[in-house]
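J.: First the structure, then my questions, so here it is.
Take a look at the structure:
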C-alpha cells in the first residue's frame, strides 16, 4: 500500500524566512510525485510533478526536489501570499488514483 | 482555457436523501477522477474513468456510492440514502491521459448531510 507522510503538520514563518517542507513516501513503482497548494475553500492547485530521483523543478519562490524516499518543497524568502496548505501526493505502479499526505499548513507572517 | 468545473458548489441535504454531484473535466482530457476530503483527513481516492471504459469501483466507500461518465466527458457521482458521515468535500480532477499525467482539480462540492 502506498503511503505519504508530510512534516511538519504546521509551520509559521516570518516573511523572508526560508524553509523546507518534507514529504516522505513508500510506493511500489513510482509513476509520479505531485505537489499541490490548497487555499481554504478551494480545490488543490497544481505546482509540480517529479518523476525520478534527482529531478528538481522551480517556480518563483518554490523549488521541489526528489530522492528515492522523500521530496522537499523549498520556499525561499516567502511572502504572506504563500500562506496555504501544501499537499504532496504519489501515483504508484498499481494505483489508479493519487495517494495524498495530510499536508503542511504554512503561515507566513508579515 | 476553462478548468475543471463542479456543481453544485455547496449542497445541504437531509439524512436518507439521494444527491448527485457533477463534474465537467477540462476539454480534451480523457481521464477523470473523484476524491473525497473529510474534515481533518487527507484526500481519499474514490474512482477513476479512462475514456468510456468501465471503472474499478473498489475504492468507493460503500454500495450507496455510484459514478458514471457519459460520452467520455461529464461525470456524475451519486450518493444514495445519504448518511452524516458522507459530509465532506467531493473533488473531481482530470488529466490529459492516465498513468502519471498531472491531475488538475476542480473547486469541489461541499456536501453537508443533516
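Protein chains in written order, with our numbering: chain A, 3 to 112; chain B, 210 to 323. In this text, a Cβ means the ideal position worked out from N, Cα and C, and glycines have one as well.
What is the DSSP secondary structure of residue 233 of chain B, counted as helix, strand or coil?
T.: It is a strand residue.
J.: In chain A, what lies closer than 7 Å to residue 371 of chain B by C-beta?
T.: Because chain B is modelled from 210 through 323, residue 371 of chain B falls outside the range shown and cannot be assessed.
J.: Tell me the start and end of each unbroken beta strand (DSSP E) in the region 42-97 of chain A that is at least 3 residues and wholly inside, in chain order.
T.: Listed in chain order, the complete beta strand (DSSP E) runs (minimum 3 residues) inside the region 42-97 of chain A are 47-52, 58-61, 64-68, 72-77, 86-93.
J.: In the DSSP output, which residue or residues are listed as bridge partners for residue 100 of chain A?
T.: DSSP, once it has assigned bridges, lists no residue as partnering residue 100 of chain A.
J.: Does DSSP classify residue 293 of chain B as helix, strand or coil?
T.: Here residue 293 of chain B sits in helix by DSSP.
J.: Using a Cβ-Cβ distance under 8 Å, would residue 265 of chain B count as near chain A?
T.: So yes, residue 265 of chain B belongs to the interface.
J.: Below 8 Å, how does it come out for the region 280-290 of chain B and the region 215-235 of chain B: are there three or more Cβ pairs, yes or no?
T.: Yes, the region 280-290 of chain B touches the region 215-235 of chain B.
J.: Comparing alpha-carbon positions, which option in A:97, A:84, A:78, A:7 lies nearest residue 47 of chain A?
T.: The candidate whose alpha carbon is nearest that of residue 47 of chain A is A:84.
J.: Quick one: list the residues of chain B neighbouring residue 93 of chain A, beta-carbon separation under 7 Å, in chain order.
T.: Residues of chain B passing the Cβ test: 309.
J.: Under a CB-based cut-off of 8 Å, is residue 39 of chain A close to chain B?
T.: Answer no: the Cβ-Cβ gap between residue 39 of chain A and chain B never drops below 8 Å.
J.: Which bits of chain B does residue 53 of chain A rub up against, with CB to CB less than 8 Å?
T.: Near residue 53 of chain A (Cβ distances below 8 Å), the residues of chain B are 309.
J.: Taking residue 108 of chain A as part of the beta strand (DSSP E), name the residues at either end of that continuous run.
T.: Run containing residue 108 of chain A: 106-111, per the beta strand (DSSP E) assignment.
J.: Do the region 20-27 of chain A and the region 297-313 of chain B meet, that is, are 3 or more Cβ pairs less than 8 Å apart?
T.: Result no; under three Cβ-Cβ pairs closer than 8 Å.
J.: Is there a Cβ from chain A that is less than 8 Å from the Cβ of residue 268 of chain B?
T.: Chain A, which has a Cβ nearer than 8 Å to the Cβ of residue 268 of chain B, makes this yes.
J.: Check whether the region 230-239 of chain B and the region 42-56 of chain A are in contact - that is, three or more C-beta pairs closer than 8 Å.
T.: The region 230-239 of chain B is not in contact with the region 42-56 of chain A.
J.: What would DSSP say about residue 34 of chain A, mapped onto helix, strand or coil?
T.: Residue state, collapsed to three classes: strand.
J.: Can you find a C-beta in chain A that's less than 8 Å from the C-beta of residue 299 of chain B?
T.: It does not; no Cβ of chain A falls within 8 Å.
J.: Could you check the C-alpha separation between residue 55 of chain A and residue 67 of chain A for me, to the nearest Å?
T.: Going from the Cα of residue 55 of chain A to the Cα of residue 67 of chain A covers about 8 Å.
J.: Examine chain B for any beta-carbon lying closer than 8 Å to the beta-carbon of residue 4 of chain A, and answer yes or no.
T.: By this cut-off, residue 4 of chain A is not an interface position.
J.: If you count every other CB in all the chains shown that lies within 10 Å of the CB of residue 5 of chain A, and 16 or more means buried, which is it?
T.: Exposed is the call here.
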